[in-house]
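Engineer: Protein chains in written order, with the numbering used here: chain C, 1042 to 1152; chain F, 510 to 624.
Here a beta-carbon is modelled for each residue, glycine too, at the ideal position from N, C-alpha and C.
Note that the coordinates shown come from a computational prediction; the quantities given were computed from them, not determined experimentally.
#1: Is the number of C-beta pairs between the region 589–600 of chain F and the region 545–562 of chain F that are closer than 8 Å three or more?
#2: Since residue 519/F and residue 620/F should fall inside the 8 Å C-beta cutoff, what is the C-beta to C-beta distance between them, to a whole number of angstroms?
#3: Excluding five sequence neighbours on each side, which residues of the same chain lie with their C-beta closer than 8 Å to the C-beta of residue 565/F?
#4: Counting C-beta neighbours from all protein chains within 10 Å, is the total for residue 1137/C 16 or more, i.e. buried, or is it exposed?
#5: Hey, would you say residue 1125/C sits closer than 8 Å to residue 1055/C, going by beta carbons?
#6: Let's test the definition: count the other Cβ atoms within 10 Å of the Cβ of residue 545/F and tell me whether it reaches 16, buried, or not, exposed.
#7: For residue 611/F, is the classification buried or exposed, using 16 other Cβ atoms within 10 angstroms of its Cβ as the cut-off for buried?
#8: For the beta strand (DSSP E) that contains residue 1151/C, what are its first and last residues?
#9: Inspect the CB distances between the region 1140–1148 of chain C and the region 1093–1110 of chain C and report whether three or more fall short of 8 Å.
#10: In whole angstroms, what is the alpha-carbon distance linking residue 1065/C and residue 1043/C?
#11: Which same chain residues end up closer than 6 Å to residue 1152/C when comparing Cβ atoms and leaving out the 5 residues on each side of it in sequence?
#12: For chain C, find out if any of its Cβ atoms is closer than 8 Å to the Cβ of residue 536/F; answer yes or no.
#13: I'd like to know whether the C-beta of residue 552/F is nearer than 8 Å to at least one C-beta of chain C.
#14: Would you tell me roughly how many angstroms separate the C-alpha atoms of residue 584/F and residue 1108/C, rounded to the nearest one?
#15: At a CB distance below 7 Å, what residues from the region 1058–1082 of chain C approach chain F? Give them in sequence order.
#16: Taking Cβ to Cβ, would you say residue 623/F is nearer than 8 Å to residue 591/F?
#17: What are the residues of the region 1103–1123 of chain C that lie near chain F, defined by any Cβ-Cβ distance shorter than 9 Å?
#18: Could you tell me the distance, in whole angstroms, from the CA atom of residue 1115/C to the CA atom of residue 588/F?
#19: According to DSSP, residue 1114/C sits in a beta bridge with which residue or residues?
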């Protein structure tokens, strides 16, 4: 059974701080997804990666395949970054047969 | 494009009632999935489909049925609602992107309460 573990569960930081959220995953997961869930409940995909590093604006996602570990970084954090960030793993099918989700990290950025 | 559309947004049922949660996507995606989200737990896969006419069970399929008669629609049926099915339900669709990873698109969710 695929497993995904996220940490921390909750994170409160001040505006401008550098944020790191970590994700560990089990053998059998070949691709990682980082998702954002807004307070209203909607879920959007931020990154998909199976190797290396991806960057979009102030968000950076990295993955270490050997250590089965991924991180999501937010630079120059802002209150609008407050959301739940979710790590999810897909199997060899690329996620066609569904994803395995972590429990999420509830991030609050205070002004 | 509307993306992934879920209806209804909210529903209250009595124990034993049946209902269907609707999910439709207009992106011609091959793959669709249903998840439930409960407090303190990650989203869990209920059922998924890799194409019209093909469905399979996920992690928590008991009490739910699905069918995929068209590419666009993937309804989730609760046969006899139970309080344990109180949850927020998300439908997702995906397609294979470069690199072999599926890009996931989620509906806005259906908040279901079973009394």
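Structural biologist: By the coordinates alone:
#1: yes
#2: Correct: roughly 5 Å between the Cβ atoms.
#3: 556, 557, 558 and 559
#4: buried
#5: No, Cβ-Cβ distance for residue 1125/C and residue 1055/C is not below 8 Å.
#6: buried
#7: buried
#8: 1146–1151
#9: no
#10: 11 Å
#11: 1056 and 1120
#12: no
#13: yes
#14: 39 Å
#15: 1072, 1074 and 1082
#16: yes
#17: none
#18: 43 Å
#19: 1061/C and 1101/C
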